[in-house]
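Enquirer: Sequential numbering of the sequence shown, starting at 1, is according to the UniProt record's numbering.
Glycine included, C-beta positions come from ideal geometry on N, C-alpha and C.
Fair warning: this is a prediction, and the values are worked out from it, not measured in the lab.
One structure is given below, represented as structure tokens, and several questions about it will come after.
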Amino acid sequence: MDRANRILLLFASAAAYAFAFPPYGWWPLALLSVAVLAGVLHQTRPAHGFRAGFAWGLLAFGTGLSWMWSLFGVFSIALWSILSLFPALFGWLVCTARQRGITTGWRLALFIALAWTGTEFVRCELMPLKFPWLHLGLALEPWPLASWVGVYGLGFLAAWMIASLITRCVRLAALLMAGVVLVPVREPELFKSAAIPVTAIQAETAPLNDYLELSRQAPPETRLIVWPEYAVSKDVRRSDSGELTAIQDISISSKALLVFGTQKRLEGARWQNTALAINEGAIVGEHGKNHTVHFFNDGEHGPTASAFEVTLGEDRLEPPFHGKIGTPICFDCDFHDVVRRMVLAGAEFLVVPSMDAASWPARQHIQHAQLFRARAAENRRCMIVAASSGVSQIIDQNGHATASLDAMQRGVLSGTITAINDLTFFTRWGWLTPWLALSILLLWTLWLLAFSKPKMPQPVEAGSD
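Here it is as structure tokens:
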């Protein structure tokens, strides 16, 4: 293939990558797109690989995250460029490895997978501007193996499968394909509670009376109500306006645990974005947001995530639920650490106040909703999400939304969840998968740079699998 056609193919694949994610969800395009990028790096110098990866990233992120323009205008180009540095680094790493002798099939395939996962993990979870949207594993909804290796581990297996096909390790590719695409793995459940009736309120910047009125529309059997993030945008416990009393009263009259977004005043002008839980009129728990949103005034970082005990449904559920829950807030669920720590601390389901502003494009809301489902699937925990302007969801332990409210609507979403107290392999150990991939990548790359002399790129050799 001549140079012009390779460039056109690279650009087409980058644009196609965006369509692997909501609202489209054509996940095979993610595999095809990464395969094209890896293939274009064949017989390419490291500097050219860097440029190819950067161009791929700029078009992929510019297309998939085009809604950023509505928020940041021309500054979006700088943000897309920063994100593009990581597929650029992937291109440089792969070409450097080939230039320094990694040309056999299975070794090259493994290095490509490690390079993809390592650079993607740094982009999503470790760099200062960490942004875990549009990564390969996230596209593979409903995420087989997520409860074992998480979505980053699933992305690693997918990248390894792609690279094995490119390097003609056919049997290895077939084995990985079976694991990534064909084999759903489910872990046994040690305990599931009775179904707990729950309700999420979807309304943005509404007066308190609107939230109270919408809560009264919940079915009478509801034993858990959740309002969005910033439902009460001040420290309700320090207010003299009677908001806390009104909220306590609705909790008592509805016989429901009420979780809502508010603030906690700290010293001076500092404050913390907080989820507050009220049951039977008493404050029973709170959580300070761990991951505040970049470029927005979202308060101070909260303390390490944990869980707290509640009792639900003593008058209706058989048996009543008595256990721990977690209340992560919005952006907390974009990353793997907060939900996992809450589950390790004993949380048997998650209650999430969230906010995606009505002024932001609907596509942003729909993409964000996928991240909550991924966290539920990794930890096998049901989750109820009340988003200010959508997408509010009730999610089962496999990451499937059993009920939802579309973006840009005001309304009441009701359904049931169950409490589960077993821990997945991911929650215990599988979350280390991307850390392991990154560590091996760094050691391997340092070894190549220190002990291997650069040579002209050679054609890919078929390797045994």
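1. Could you say which of P87, S392 and R381 lies nearest to K324 if we only look at CA atoms?
2. Using 8 Å as the cut-off, can you tell me whether the stretch 131-144 makes contact with the stretch 413-430, which would need three or more C-beta pairs spanning the two stretches below that distance?
3. Nearest by alpha-carbon distance to G346: which of K455, S193 and E309 is it?
4. Would you tell me roughly how many angstroms separate the C-alpha atoms of I395 and G288, rounded to the nearest one?
5. Using a threshold of 7 Å, state whether the C-beta atoms of A163 and A113 are closer than that.
6. In or out: G25 buried (at least 16 other Cβ within 10 Å) or exposed?
7. So, at 6 Å on beta carbons, what are the nonlocal neighbours of I440 in its own chain, with the 5 sequence-adjacent residues on each side left out?
8. Consult DSSP for S13 and reduce its assignment to one of helix, strand or coil.
9. So what does K192 bridge to, in DSSP terms?
10. Would you mind giving the Cβ-Cβ distance between D334 and P132, rounded to the nearest angstrom? I have them listed as a contact below 8 Å.
11. Does the beta-carbon distance from A256 to R216 come in below 7 Å?
12. Applying the 10 Å Cβ sphere with the 16-neighbour rule, what's the burial state of G430?
13. How many whole angstroms separate the CB atoms of residue 498 and S389, which I take to be in contact at a CB cut-off of 8 Å?
14. Have a look at K455 and D356 and give me their C-alpha separation to the nearest angstrom.
15. Does the Cβ of V170 have 16 or more other Cβ atoms within 10 Å, making it buried, or fewer, making it exposed?
16. Taking the Cβ atom as the reference point for each residue, do G261 and A218 lie within a distance shorter than 7 Å?
17. How far does the beta strand (DSSP E) with Q43 in it extend, from its first residue to its last?
18. Using a Cβ-Cβ cut-off of 7 Å (strictly less than) and excluding sequence neighbours within five positions of T117, which residues of its own chain qualify?
19. Does the Cβ of Q367 lie closer than 6 Å to at least one heavy atom of the ligand ATP?
20. If we ignore side chains and look at the alpha-carbon of each, how far apart do S233 and F86 end up?
21. May I ask you to report which of helix, strand or coil DSSP gives L140?
Expert: In brief:
1. R381
2. no
3. E309
4. 23 Å
5. yes
6. exposed
7. L114
8. helix
9. I420
10. 5 Å
11. no
12. buried
13. One cannot answer for residue 498 here, as it falls past the ends of the chain, which runs 1 to 465.
14. 50 Å
15. exposed
16. no
17. Careful: Q43 lies outside any beta strand (DSSP E) and carries neither H nor E.
18. Y152, G155, F156, A159, P434 and A437
19. In the structure shown, the ligand ATP is absent, as is every other ligand, since no ligand is present at all.
20. 37 Å
21. coil
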